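Trainee: Residue numbers (this note's numbering): 3 to 131. Note that beta-carbon positions come from the ideal geometry of N, C-alpha and C, so glycine has one too. Everything numeric in this text was worked out from a predicted model, so none of it was measured.
#1: Any idea if residue 35 is buried or exposed, counting beta-carbon neighbours within 10 angstroms, 16 or more meaning buried?
#2: Just checking, does the segment 83-94 make contact with the segment 61-70 on the three C-beta pairs under 8 Å criterion?
#3: Using the three-state DSSP reduction, which class does residue 36 fall into: helix, strand or coil?
#4: When the Cα of residue 66 is compared with those of 124, 11, 51 and 21, which residue comes out closest?
#5: Are the CB atoms of residue 5 and residue 71 within a distance shorter than 8 Å?
#6: What are the start and end residues of the alpha helix (DSSP H) that includes residue 112?
#7: Quick check: what's the CA-CA separation for residue 13 versus residue 44?
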């Protein structure tokens, strides 16, 4: 039981920390000021799409880590991580921050949950070989 909790928490930490660091780097690359409300539509679409891709990849890494740490049922641990990420992002759905497209919070939730599932599934499949 402890190993299962550690697997999910470690995956969550990796997902969140990597997503935060890469988002800051992407914001710098696209010239998007963080923490400053932007005018509607002011956030470049390139940044929005890059942010979604980075969220997916970050969550995939977290899902893979959760699956790797788990003793049994590796993909199930990644699924729990996907659920935790979805629950953390759910309150933002329908309420984008200033400058973000209306659809962005839902797309972020789908990317993060899907990434965790994909990363966990890939790690679980490699483990069974």
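Mentor: Checking against the coordinates, here is how it stands:
#1: Here the question's residue 35 lines up with position 33 in the chain shown. The residue in question, residue 35, is exposed, as its Cβ has fewer than 16 Cβ neighbours within 10 Å.
#2: With contact defined as three or more Cβ pairs closer than 8 Å, the segment 83-94 and the segment 61-70 are in contact.
#3: For the purposes of this step, residue 36 is taken as the residue at position 34 of the chain shown. The answer is coil: DSSP assigns residue 36 none of H, G, I, E or B.
#4: Position 64 of the chain shown, counted from the first residue, corresponds to residue 66. Of 124, 11, 51 and 21, the residue nearest in Cα terms is 124.
#5: Indexing the chain shown from 1 puts residue 71 at position 69. Indexing the chain shown from 1 puts residue 5 at position 3. Cβ distance < 8 Å, so residue 71 and residue 5 count as in contact.
#6: By one-based count along the chain shown, residue 112 stands at place 110. First-last of the alpha helix (DSSP H) with residue 112: 106-130.
#7: By one-based count along the chain shown, residue 13 stands at place 11. By one-based count along the chain shown, residue 44 stands at place 42. When rounded, the distance between both Cα atoms is 33 Å.
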